[in-house]
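Residue numbers (the UniProt record's numbering): 1 to 168.
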């Protein structure tokens, strides 16, 4: 029988899996001392990797926020600061190595710049939480989702054009 399965066809899921695999395989060493010429890559592939791998950072952020705010009943602003810090740390390494394939010997300097740009989007998210929870008495998780969406868009733009811009 020559029955073709769904897995044999090129579909959106196959494309995403291929992009993820390519990101892992092409990441190379983190601290490569030799400058190697890079081939420009489509922004679409970067955006897909950013969204797929960025989920890891979001899971760390949301998981920490949920644990501290809902499970341990700590102040929502404190929970958000701790969640933000851990999420940004995960995000830096994922973005640097897998998403933007950035290679340089300046990881610490880039990390400082990464945190600097993330402070801006953190303030946007914090304001969203304050408006949602304190002013509108909305659900904390719903307010967090809105804040995260705004932060994700801002973070991608700042990372691509300011932190991990590769010289082509």
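Virtual Cβ for every residue (Gly too), placed ideally from N, Cα, C.
Check the Cα spacing between residue 84 and each of 134, 113, 64: the tightest is with 64. At least 7 Å separates the beta-carbon of residue 82 from that of residue 49.
Three or more Cβ pairs drawn from the stretch 117-132 and the stretch 145-153 lie within less than 8 Å of each other, which places the two stretches in contact. For residue 115, the enclosing alpha helix (DSSP H) covers residues 107-129. When rounded, the separation of the alpha-carbon atoms in residue 77 and residue 117 is 19 Å.
Cα atoms of residue 56 and residue 91: separation of roughly 8 Å, rounded to the nearest angstrom. In the three-state scheme derived from DSSP, where H, G and I count as helix and E and B as strand, residue 47 is classed as helix.
By the CB criterion at 7 Å, residue 44 and residue 61 fall outside the cutoff. Going by DSSP, residue 158 is part of the alpha helix (DSSP H) stretching over 140-158. The closest CA to that of residue 150, considering only 164, 121, 158, is found on 121. One thing to note: residue 102 has its Cβ within 7 Å of the Cβ of residue 164.
Residue 94 and residue 138 have their C-alpha atoms spaced approximately 32 Å apart. Annotation for residue 154: 121 place their beta carbon closer than 6 Å to its own, counting only its chain and skipping 5 residues before and after.
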